[in-house]
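Everything on this sheet refers to the single structure shown next.
Number of protein chains: 2
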Amino acid sequence: MKKHNFSAGPCILPQEVFEKASEAVLDFNNSGLSILEISHRSEAFVSVIEEARSLILEILGLQNKGYTALFLHGGASTQFLMTAYNLLEKKAAYTNTGTWSTKAIKEAKLFGEVVEVASSKDKNFAYIPKNYSIPTDADYFHCTSNNTIYGTQMKSFPKTEVPLVCDMSSDFLSRSLDFSQFDLIYAGAQKNMGPAGVAVAIIKEDILGKVKRQIPSMMNYKVHIEKDSMFNTPPVFAIYTSLLNLQWLKNKGGIAGIEGKNIEKAALLYNEIDRNPLFIGYANKEDRSIMNPTFNLIEGTDKATFDKLWKEANINGLNGHRVLGGYRASMYNALPLKSVQVLVDVMQQFEKIS
Amino acid sequence: MKKHNFSAGPCILPQEVFEKASEAVLDFNNSGLSILEISHRSEAFVSVIEEARSLILEILGLQNKGYTALFLHGGASTQFLMTAYNLLEKKAAYTNTGTWSTKAIKEAKLFGEVVEVASSKDKNFAYIPKNYSIPTDADYFHCTSNNTIYGTQMKSFPKTEVPLVCDMSSDFLSRSLDFSQFDLIYAGAQKNMGPAGVAVAIIKEDILGKVKRQIPSMMNYKVHIEKDSMFNTPPVFAIYTSLLNLQWLKNKGGIAGIEGKNIEKAALLYNEIDRNPLFIGYANKEDRSIMNPTFNLIEGTDKATFDKLWKEANINGLNGHRVLGGYRASMYNALPLKSVQVLVDVMQQFEKIS
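Structural data, given as structure tokens:
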């Protein structure tokens, strides 16, 4: 029996993606070969990666606007480093909105000055800072659109003259935005794009080539662009499965088709968190994440009983991140509304018996 | 119908590995969850990566000898960079035995002086240089054990006082060696270890911590060691499939159990290359690779007919690398002797009709 999987990532993907990926491990498109044993230089795989690169730009509305999509090794953590390697000549501006921003800032500091233009550390990252100013002489401005651990999400992005770089790992492909406001978007795949083991970088090419340092090949966006995202052997299976997931999303009507369902799921859960006297939300209401609602039991409630109830209801992955504790219900694109309803039912059942 | 897959990598893995990996994409160990949607911090996955790290040391005979095994993002190409980042303070010694050595040298030069102590570039990498000396004040000596593209292989390794670093990507786990002579072994998985998308690094820990530069977290072996190879979300599926393959290898008797079969496969093909007047081997005989025999048709033979014959025989991946041309029959651990016999039969059939 399938679980209701609220895992923060790696996370649930559509069942049809699991089925097609499983089949391809045995026999990829009736080729007599597993997807795991085909050459990455074969026509079959080159067409997979090219379709994936093109489809992601199509879904974001960024075709023919000077952007390139790359599938890269190393997760978003390597992007913390690559953004600075490729863009930071003297000074960069960062907001600090949680664990991942903090890590991005740490890596960037190895390459130049980092101005922390805003931080929500004073309230343990429970809100999104607003009304800060970005130095116009910064090489770029970096922000984290959604903070998986704390459950906060930027609802809008600052207008700035400097290149806008966004770590969109945990809300990528979940909501409509004018993506052309960004000059570089990166995301680890293992939320709404695919399995762990690949990251995507969407780069406006004209921001590159402005730093003087020599950049190692694997860290150099230009090298990856010149080699059509195949400088070295790419993570074939993770890219193929991402393509299956992108095709599923396109068939659902793209981001516009999925966004309403994500809002509906979030409303269902947040309404219950706010209504149910035994629960309390973590993040400031106006900054709440549609993807990762974080909440806790009020003091004095019986945690063991609640934990028993949701586990019996076949729910998986509800524990909060170890740095925050409490609960986190990650509700990515592929999570059905029904799973959220099961969680809400459990919360109501818990209220009744408490 | 399954193909006879001579692909150079990604390459054939055992059929039972494909079957178990395929099953886990639908349901991992009857958990009700796909291997693609489980948290990397779950007990289930932590036990996968820990078993894989331990099993690889066991197979190499390196348990309790000061070594750690890491599963890392980025392929061997990132290891070209990481080895230098972590070990190159002033000067390193490299042999240049082909395309991959050349790339490793290029990346290392960004971090310090590189002394090319030997090269086979003068004969287009058709042999392995011998009898060179390694400066005793080098921070380390780097070599490539097997040159996938040219089909050469080091049969022994120089005795040296400096740390011995080896890119073993294309013959890792294929032959018995005293692995304790190496201080750092790295390999992209996509030959004898698993699918593309993960690399392994086997590190003697006491060689670390000797460079003064600050190393970005994702490039820092010490960071990965401290975090038990889980500094960031690892490539879960690639590691799980690697574990399945390591378990298969252990059940075959480990490296000792597979080595004889690899020698037998290589002998069968090289004997035919040498016997058949229509074919000529590329590499010097004493330096021939057991993994990647490279050969060509003699001048004046009908390439189109030979190509038609092997394709009709359901053979895949026999074309040589684009930098060398000709043919390359990669014969990794999982390739059955029967597949080599099919190729030899085709070569003999071609001789008869020519």
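So the protein sequences, as listed, match chains A and B. Residues in the first sequence are numbered consecutively from 9, following the working numbering. Residues in the second sequence are numbered consecutively from 9, following the working numbering. For every residue, glycine included, the Cβ atom is placed at its ideal position computed from N, Cα and C.
So, for residue i: in the same chain, excluding its five sequence neighbours on each side, which residues have a beta-carbon less than 8 Å away from its beta-carbon?
i	result
GLY120/A	ALA92, LEU96, GLU97, LYS98, LYS99, ALA100, ASP147
ILE46/B	PHE36, SER39, ALA52, PHE53, VAL244
VAL371/B	For residue 371/B there is no data in the structure shown, the boundaries of chain B being 9 and 362.
MET9/A	ASN322
TYR229/B	LEU78, MET90, ASN94, ALA209, ILE211, LEU216
If you count every other CB in all the chains shown that lies within 10 Å of the CB of residue i, and 16 or more means buried, which is it?
i	result
GLN161/A	buried
VAL331/B	exposed
THR144/A	exposed
ILE271/A	exposed
PRO285/A	exposed
ASN94/A	buried
ASN259/B	exposed
MET299/A	buried
GLY328/A	buried
ASN324/B	buried
ARG221/B	exposed
ALA77/A	buried
ALA264/A	exposed
Only counting the same chain, and skipping five residues up and downstream in sequence, which positions put a Cβ closer than 6 Å to that of residue i?
i	result
SER153/B	MET162, CYS174, MET176, ASP179
ARG183/A	GLU267
VAL231/B	SER225, PHE239
GLY289/B	ILE281, PHE303
VAL219/B	GLU97
LEU345/A	LYS273
PHE190/B	LEU172, CYS174
MET227/B	MET90, TYR93
ILE233/B	THR76
VAL122/B	ALA100, TYR102, ILE113, ALA116
Given this structure, state the Cα-to-Cα distance separating residue i from residue j, to the nearest angstrom.
i	j	result
SER362/B	LEU305/B	12 Å
ASP310/B	GLU320/B	16 Å
LEU63/A	ALA16/A	25 Å
GLY205/B	LEU326/A	29 Å
GLU294/A	LEU44/B	33 Å
LYS415/B	THR313/B	Given that chain B is displayed from residue 9 to residue 362, the structure contains no residue 415/B and the question cannot be resolved.
ASP186/A	GLY262/A	14 Å
GLN357/A	GLY334/A	19 Å
PRO301/A	ALA275/A	10 Å
MET355/B	PRO203/B	30 Å
LYS117/A	SER128/A	19 Å
VAL352/B	GLY308/B	20 Å
GLN198/A	PHE287/B	48 Å
ASP130/B	TYR194/B	27 Å
CYS151/A	ARG49/A	36 Å
If the criterion is Cβ atoms closer than 8 Å, does the pair residue i and residue j meet it?
i	j	result
LEU254/B	ILE20/B	no
ILE215/B	PRO166/B	no
GLU59/A	LEU251/A	yes
ALA112/A	ALA291/A	no
ILE296/B	GLY159/B	It is worth fixing the name first, because residue 296/B is Arg in this sequence and not Ile. A contact, by the Cβ cut-off of 8 Å.
GLY196/B	ALA29/B	no
LEU192/A	ILE67/A	no
THR241/B	PRO18/A	yes
LEU257/A	VAL348/A	no
SER338/B	PHE14/B	yes
Is residue i close to chain E, meaning its C-beta is less than 8 Å from at least one C-beta of that chain?
i	result
THR86/A	Protein chains in the displayed structure are A and B, and chain E is not among them.
Check the C-beta distance from residue i over to residue j and give it rounded, since I have them as a contact under 8 Å.
i	j	result
TYR75/B	ILE210/B	6 Å
HIS12/B	ASN322/B	6 Å
LEU70/B	SER164/B	Actually they do not touch by this definition, with Cβ atoms about 19 Å apart.
ASN155/B	THR110/B	About 10 Å separates the two Cβ atoms, so there is no contact after all.
Excluding the five sequence neighbours on either side, which residues of its own chain have a C-beta within less than 7 Å of the C-beta of residue i, listed in chain order?
i	result
GLU115/B	PHE88, LEU89, ALA92
ILE6/B	The structure shown does not extend to residue 6/B, since chain B spans only 9 to 362, so no value can be given for it.
LEU32/B	The sequence shown places Ala at residue 32/B, rather than the Leu named in the question. Here the set comprises ILE43, TYR248.
VAL363/A	Within the shown structure, residues of chain A are numbered from 9 to 362, placing residue 363/A beyond reach of any answer.
THR107/B	ILE157, VAL331
ASN200/A	PHE180, LEU181, SER182, TYR340, ASN341
ASP236/A	none
GLU169/A	THR144
LEU34/B	SER42
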